[in-house]
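Read the structure below first, then the notes.
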Amino acid sequence: MTTKTRTIQNTKKMLIKARREGYAVPAFNIHNLETVKVVVEAAAELNSPIILAATPGTMNYSGRRYIQTIAEAAAAEHQIPIALHLDHHETVESITESLELGVKSVMIDGSHGSFEENIEITKKVVEQAHAYGATVEAELGKLVGQEDDLIVEAKDAEYTDPKAAVEFVAKTGVDSLAVAIGTGHGVYETKPNLDFERLAEIQKLVDIPLVLHGASGISVEEVQKCIALGCAKVNISTELKIPFSEALRNYLVENPTETDTRHYMKPAKEAMKKVVVDKIKMCMSDGKA
Numbered sequence: 426m427t428t429k430t431r432t433i434q435n436t437k438k439m440l441i442k443a444r445r446e447g448y449a450v451p452a453f454n455i456h457n458l459e460t461v462k463v464v465v466e467a468a469a470e471l472n473s474p475i476i477l478a479a480t481p482g483t484m485n486y487s488g489r490r491y492i493q494t495i496a497e498a499a500a501a502e503h504q505i506p507i508a509l510h511l512d513h514h515e516t517v518e519s520i521t522e523s524l525e526l527g528v529k530s531v532m533i534d535g536s537h538g539s540f541e542e543n544i545e546i547t548k549k550v551v552e553q554a555h556a557y558g559a560t561v562e563a564e565l566g567k568l569v570g571q572e573d574d575l576i577v578e579a580k581d582a583e584y585t586d587p588k589a590a591v592e593f594v595a596k597t598g599v600d601s602l603a604v605a606i607g608t609g610h611g612v613y614e615t616k617p618n619l620d621f622e623r624l625a626e627i628q629k630l631v632d633i634p635l636v637l638h639g640a641s642g643i644s645v646e647e648v649q650k651c652i653a654l655g656c657a658k659v660n661i662s663t664e665l666k667i668p669f670s671e672a673l674r675n676y677l678v679e680n681p682t683e684t685d686t687r688h689y690m691k692p693a694k695e696a697m698k699k700v701v702v703d704k705i706k707m708c709m710s711d712g713k714a
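Quick note on numbering: the sequence shown equals residues 426 to 714 in our numbering.
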């Protein structure tokens with residue numbers, strides 16, 4: 426008896442199931458073969474669905490076709506749901522390029538334009554992506570911090586307005602919505618004050634899965650409270666980069682003559698994997714594949 430080969434999928438059923446059953450699917454930012462393998466192998470061991478999130482910077486660094494091929498190989502290798510997701514893409518052109526390659530989950534981030542401009546570009550991406558069988562995430566509100574080369578100062582951050590969210594979802598037909606409730610990208614300089622009342626109101630008014638960005642540095646209890654209030658996807662990036670780079674740096678300092686990539690990448694991958702395991706358990710997605 427042969428097992429059907431899996432392929433990368435969109436996130437529609439994945440996130441609806443997560444919201445219904447009270448967990449979230451973790452979306453880990455990946456950059457290359459090593460980071461994809463770490464995330465997917467940890468998820469497979471814990472039998473968790475997983476989202477591989479790739480920013481424009483990652484695509485520019487590794488190449489869209491390479492990232493696409495690596496993700497497809499990972500999906501074929503493991504019997505868990507795996508989505509390759511475009512994270513914080515801001516142009517229709519960059520999304521089109523990946524849709525044509527076979528990506529099934531995209532995020533159009535129009536949050537830095539006006540409300541009307543955000544609706545316009547999101548609606549355009551939704552129409553195109555749905556024609557390819559892909560799902561679309563959008564963002565309403567602005568998160569403080571840095572994602573790739575995009576920097577939002579604290580004074581420019583905006584929380585998501587619940588009533589505006591209703592209008593936005595209705596006019597765009599988007600599949601999931603990233604909300605701004607006080608989280609931010611990068612390392613937190615002070616403890617964030619999350620607006621759970623705002624999140625509860627959005628959940629009550631909007632019937633699609635919500636997305637929590639900037640989860641690195643947020644406590645387990647706070648993340649799980651966000652999950653209980655409708656966040657079916659949780660994004661994690663910075664907390665993966667730090668242990669990977671620290672372990673790699675320490676190994677090279679302690680072994681200054683080492684030149685074999687297969688040797689010095691190993692401790693970095695092991696350090697990152699520990700965090701991936703912890704975050705999967707935080708999202709309560711283990712055993713949900």
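The beta-carbon is built from N, C-alpha and C at its ideal position, and this holds for glycine as well.
Under 8 Å between C-beta atoms of residue i and residue j
{"i": "G566", "j": "T585", "result": "yes"}
{"i": "A640", "j": "A443", "result": "no"}
{"i": "A499", "j": "M532", "result": "no"}
{"i": "I505", "j": "N472", "result": "yes"}
{"i": "I441", "j": "L477", "result": "no"}
{"i": "S710", "j": "A501", "result": "no"}
{"i": "I627", "j": "C708", "result": "no"}
{"i": "K704", "j": "I661", "result": "yes"}
{"i": "V604", "j": "L624", "result": "yes"}
{"i": "A467", "j": "H503", "result": "no"}
{"i": "I400", "j": "V517", "result": "Outside the displayed range of the chain (426 to 714) lies residue 400, so it cannot be described from this structure."}
{"i": "L635", "j": "V659", "result": "no"}
CB-CB length for residue i against residue j, believed under 8 Å
{"i": "P451", "j": "A714", "result": "With 8 Å as the limit, P451 and A714 do not qualify as a contact, their Cβ atoms being about 12 Å apart."}
{"i": "V406", "j": "T597", "result": "Because the chain in this structure spans residues 426 to 714, residue 406 falls outside the shown range and cannot be described."}
{"i": "S530", "j": "Q493", "result": "Not quite, the Cβ-Cβ distance comes to about 12 Å (not below 8 Å), so this is no contact."}
{"i": "L630", "j": "P587", "result": "5 Å"}
{"i": "L511", "j": "A479", "result": "6 Å"}
{"i": "V648", "j": "V463", "result": "The pair is not a contact, with the Cβ atoms about 20 Å apart (cut-off 8 Å)."}
Residue i - DSSP class collapsed to helix/strand/coil
{"i": "L654", "result": "coil"}
{"i": "P481", "result": "helix"}
{"i": "A579", "result": "The predicted position of A579 is uncertain, since its pLDDT is 45 and thus under 50; a value taken from the coordinates is nonetheless stated next. Helix at A579."}
{"i": "N675", "result": "helix"}
{"i": "I520", "result": "helix"}
{"i": "L624", "result": "helix"}
{"i": "Y584", "result": "coil"}
{"i": "R431", "result": "coil"}
{"i": "N543", "result": "helix"}
{"i": "S710", "result": "coil"}
{"i": "L665", "result": "helix"}
{"i": "S487", "result": "helix"}
{"i": "P692", "result": "helix"}
{"i": "E683", "result": "coil"}
{"i": "S670", "result": "helix"}
{"i": "L619", "result": "coil"}
{"i": "T460", "result": "helix"}
{"i": "V643", "result": "Note on residue identity: the sequence assigns Ile, not Val, to residue 643. Three-state DSSP puts I643 in coil, outside helix and strand."}
Contacting residues, own chain, Cβ-Cβ under 8 Å from residue i (five flanking each side not counted)
{"i": "E459", "result": "M690, A693 and K694"}
{"i": "I633", "result": "V594, V599, D600, S601 and L602"}
{"i": "A696", "result": "P668, F669, E671 and A672"}
{"i": "F410", "result": "Lying before the first or after the last residue shown, residue 410 is absent from the chain, which here runs from 426 to 714."}
{"i": "K706", "result": "L471"}
{"i": "G538", "result": "I546"}
{"i": "A589", "result": "F540 and L565"}
{"i": "Q553", "result": "V517, I520, T521 and L524"}
{"i": "R489", "result": "E522, S523 and L526"}
Bridge partner(s) assigned by DSSP for residue i
{"i": "S530", "result": "H510 and T560"}
{"i": "L630", "result": "None; L630 has no bridge partner."}
{"i": "P451", "result": "V659"}
{"i": "A603", "result": "E564 and V636"}
{"i": "I475", "result": "I507"}
Neighbourhood of residue i by C-beta distance below 7 Å, restricted to the same chain and skipping five residues each side
{"i": "E497", "result": "T432 and I433"}
{"i": "N435", "result": "A508, K529, S530, G558, A559 and T560"}
{"i": "V461", "result": "I455, L477, I495, A496 and A499"}
{"i": "L677", "result": "E683 and Y689"}
{"i": "E679", "result": "none"}
{"i": "M439", "result": "V450, P474, P506 and A508"}
Beta-carbon contacts of residue i that lie in its chain and below 6 Å, excluding the five residues immediately before and after
{"i": "E515", "result": "D534"}
{"i": "N457", "result": "S487"}
{"i": "E683", "result": "Y689"}
{"i": "N454", "result": "A478 and S662"}
{"i": "N675", "result": "none"}
{"i": "T483", "result": "H456"}
{"i": "K548", "result": "T597"}
{"i": "E664", "result": "S641 and V700"}
Any non-hydrogen atom of the ligand FAD closer than 7 Å to residue i Cβ
{"i": "E626", "result": "Of ligands this structure carries none, so the ligand FAD is not represented either."}
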